Amino acid sequence: MIKGIGDNRQRRQIVMECIFAAGLVMAMGQLGSLNALEQVQGVVYWRRWVGGKIGSADTIGRGFASTDCDSIRVIIRQIYSQLKRNKALRPIRAGLIALIMDGHESHCSQKQCCGGCLQRKHKAKNNQKERIEYYHRHVMASLIFDGICLPLDMEPQRPGEDEGRCARRLLERILKNYPRAFDLILVDGLYARAPFFKLAIKHGKDVIAVLKDDRRDLLKDARGLFKREPSTVYQEGTTKRECWDIEEFRSWDQLDYPVRVVRSLETKKIKRQKTKVIEEQVSEWVWVSTMPKRRLGTENFVKFAHERWKIENNGFHELVNYWHADHVYRHKPVAIEAFGLLTMLAYILFHAFIRRNLKAIFRKKYTKKHFAQMITAELYHCENFIPP
Ligand SMILES: [Zn+2]
1263 MIKGIGDNRQ
1273 RRQIVMECIF
1283 AAGLVMAMGQ
1293 LGSLNALEQV
1303 QGVVYWRRWV
1313 GGKIGSADTI
1323 GRGFASTDCD
1333 SIRVIIRQIY
1343 SQLKRNKALR
1353 PIRAGLIALI
1363 MDGHESHCSQ
1373 KQCCGGCLQR
1383 KHKAKNNQKE
1393 RIEYYHRHVM
1403 ASLIFDGICL
1413 PLDMEPQRPG
1423 EDEGRCARRL
1433 LERILKNYPR
1443 AFDLILVDGL
1453 YARAPFFKLA
1463 IKHGKDVIAV
1473 LKDDRRDLLK
1483 DARGLFKREP
1493 STVYQEGTTK
1503 RECWDIEEFR
1513 SWDQLDYPVR
1523 VVRSLETKKI
1533 KRQKTKVIEE
1543 QVSEWVWVST
1553 MPKRRLGTEN
1563 FVKFAHERWK
1573 IENNGFHELV
1583 NYWHADHVYR
1593 HKPVAIEAFG
1603 LLTMLAYILF
1613 HAFIRRNLKA
1623 IFRKKYTKKH
1633 FAQMITAELY
1643 HCENFIPP
């Protein structure tokens, strides 16, 4: 098909575009593997989009192993800009937009490894000898808006570095590519480190991070003050929140910047399924932040801080369980990153389609899974097969 077209560079460009299109359709159709994609390589559908059959599973895997991941990032950025221009992205509360960053382990193996694999020692429960476990981990960044979550970018953790370094590299790229897209960053306790906070402050962004015991001086100071300061009580659904909110802490030596500490003691009534007895469940949350109280009051602060868990439970859950984000399509560092970004792109396209192209009545009547299955069905439609 492409023998008569231009020079080698142009032909390679066309092949890579076909491979990319096939991969994107695989992700949109939630097929979950290159072998599943290979089984539909003979459908008429491809004639319309790539001018003929697509390559084998191996060809597509090899293509993604040599792809330029930044070209996928450019497409994600273009879609974000389009959605922003169309006013489809509204702040979730207090006129602020949050970026959520979190680490995620995609898979591990004791047999296969590649140049990008991280290593750890693993000892089985039955006291077998210690083995080396190979795994991949990345930090992912998503923007949260009213009713939609946009996974923007991911950065693989490299061998020999910690997650904090990897997160800073990702944040630097996000600040360059999306300088005005968000106001604050929501992270867990692992990122409550001075270099991460300093990078955000330098670019005019605020941070809300879970405060854990490893910031002992700050936590000790805050706990001392919480005993003396009055609390405020808020009710959200069945959860009662008793909150303490104090600013101008200077006991974080390495940061050299005044921070705010917020504590929320949350009481929730839950009904035990087995005994039907209603019990009270109490949990405590403490966060450290650079966000001043005048910009974000206590009640909204606590709601924002909890958004991170909603994304963890909904966004990651959906990406892993429905979009096969953890599947290793080809065990090569670039391929893992490229397929990860491709899955994020498919997720954004799907949700933008649901939100922008479907009438509210259809969105109410059918589940997201229903629409995803309609896309998959298009590929498997019998009449679409090219006769042998
Ligand atoms: Zn590997």
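Numbering of the sequence shown is given in my numbering, commencing with residue 1263 and proceeding in unit increments. Every residue gets a Cβ at the ideal spot worked out from N, C-alpha and C, and that includes glycine. The model shown is predicted, which means the values in this text are computed figures rather than measured ones.
{"Query": "Quick one: give me the first and last residue of the alpha helix (DSSP H) that Gly-1285 is part of.", "Result": "1270-1290"}
{"Query": "Just to check, is the beta-carbon of Cys-1376 closer than 7 Å to a non-hydrogen atom of ligand 1?", "Result": "yes"}
{"Query": "Is it buried or exposed, Val-1539, if we count other Cβ atoms within 10 angstroms and call 16 or more buried?", "Result": "exposed"}
{"Query": "Just tell me which of Met-1278, Ile-1338 and Leu-1286 has its CA closest to the CA of Thr-1321.", "Result": "Met-1278"}
{"Query": "Does the beta-carbon of Lys-1438 have 16 or more other beta-carbons within 10 angstroms, so that it is buried, or is it exposed?", "Result": "exposed"}
{"Query": "Where does the unbroken alpha helix (DSSP H) through Trp-1585 begin, and where does it stop?", "Result": "That residue, Trp-1585, is in no alpha helix (DSSP H); it is neither H nor E in DSSP."}
{"Query": "Nearest to Pro-1595 by alpha carbon, out of Tyr-1496, Arg-1399, Ser-1493 and Tyr-1628?", "Result": "Arg-1399"}
{"Query": "Are the beta-carbon atoms of Ile-1338 and Leu-1607 separated by less than 8 Å?", "Result": "yes"}
{"Query": "Do you know offhand how far Ala-1403's Cα is from Leu-1603's?", "Result": "11 Å"}
{"Query": "So if DSSP puts Pro-1418 in a beta bridge, which residue, or which two residues, is it bridged to?", "Result": "His-1400"}
{"Query": "With respect to the beta strand (DSSP E) encompassing Val-1469, which residues constitute its N-terminal and C-terminal limits?", "Result": "1468-1472"}
{"Query": "What would DSSP say about Tyr-1220, mapped onto helix, strand or coil?", "Result": "Residue 1220 lies beyond the stretch modelled for the chain, which goes from 1263 to 1650, so this question has no answer here."}
{"Query": "Buried or exposed, going by whether 16 or more other CB atoms sit within 10 Å of the CB of Leu-1487?", "Result": "exposed"}
{"Query": "Can you check DSSP and say which residues form a bridge with Ser-1551?", "Result": "Ile-1470 and Arg-1522"}
{"Query": "Buried or exposed for Pro-1554, going by 16 or more other Cβ atoms inside 10 Å?", "Result": "exposed"}
{"Query": "Near Leu-1558, which residues of its chain fall below 6 Å by C-beta distance, leaving aside the five closest residues on each side in sequence?", "Result": "Ala-1356"}
{"Query": "Assuming Ile-1651 and Ala-1471 make a contact with CB atoms under 8 Å, what is their CB distance in whole Å?", "Result": "Since the displayed the chain opens at 1263 and closes at 1650, residue 1651 lies outside it and no answer follows."}
{"Query": "Curious, which full-length beta strand (DSSP E) runs of at least 3 residues does the stretch 1613-1650 contain?", "Result": "none"}
{"Query": "Could you check whether the Cβ of Tyr-1591 sits closer than 7 Å to any heavy atom belonging to ligand 1?", "Result": "no"}
{"Query": "If we count Cβ pairs, one from each stretch, closer than 8 Å, do we get three or more for the stretch 1519-1533 versus the stretch 1416-1435?", "Result": "no"}
{"Query": "Quick check on this structure: which residue in Gly-1304, Ala-1360 and Gly-1365 has the alpha carbon closest to the alpha carbon of Asp-1588?", "Result": "Gly-1365"}
{"Query": "Check whether the stretch 1630-1637 and the stretch 1293-1305 are in contact - that is, three or more C-beta pairs closer than 8 Å.", "Result": "no"}
{"Query": "Excluding sequence positions up to five away, which residues of its chain have a Cβ less than 6 Å from the Cβ of Ala-1327?", "Result": "Arg-1592, Lys-1594, Val-1596 and Ala-1597"}
{"Query": "Use the C-beta contact count for Phe-1615: other C-beta atoms within 10 angstroms, 16 or more gives buried, fewer gives exposed.", "Result": "exposed"}
{"Query": "Suppose you measure from the CA of Arg-1570 to the CA of Arg-1309; what does that come to, to the nearest Å?", "Result": "43 Å"}
{"Query": "How about Glu-1434 and Val-1401: do their beta carbons lie closer than 8 Å?", "Result": "no"}
{"Query": "Measuring CB to CB, does Tyr-1342 end up less than 8 Å from Cys-1370?", "Result": "no"}
{"Query": "In whole angstroms, what separates the C-alpha of Gly-1451 from that of Asp-1479?", "Result": "15 Å"}
{"Query": "Tell me whether Gly-1409 is buried or exposed, calling it buried when 16 or more other Cβ atoms sit within 10 Å of its Cβ.", "Result": "exposed"}
{"Query": "Buried or exposed: which applies to Ser-1551, given that a residue is buried once 16 or more other Cβ atoms fall within 10 Å of its Cβ?", "Result": "buried"}
{"Query": "Tell me the rounded alpha-carbon separation between Met-1288 and Ile-1281.", "Result": "11 Å"}
{"Query": "Please state the DSSP three-state secondary structure of Glu-1392.", "Result": "coil"}
{"Query": "Could you check where the beta strand (DSSP E) with Leu-1446 kicks off and where it finishes?", "Result": "1446-1449"}
{"Query": "Gln-1381 lies in the beta strand (DSSP E); which residues open and close that run?", "Result": "1380-1384"}
{"Query": "Are Thr-1501 and Lys-1530 closer than 8 Å when you measure CB to CB?", "Result": "yes"}
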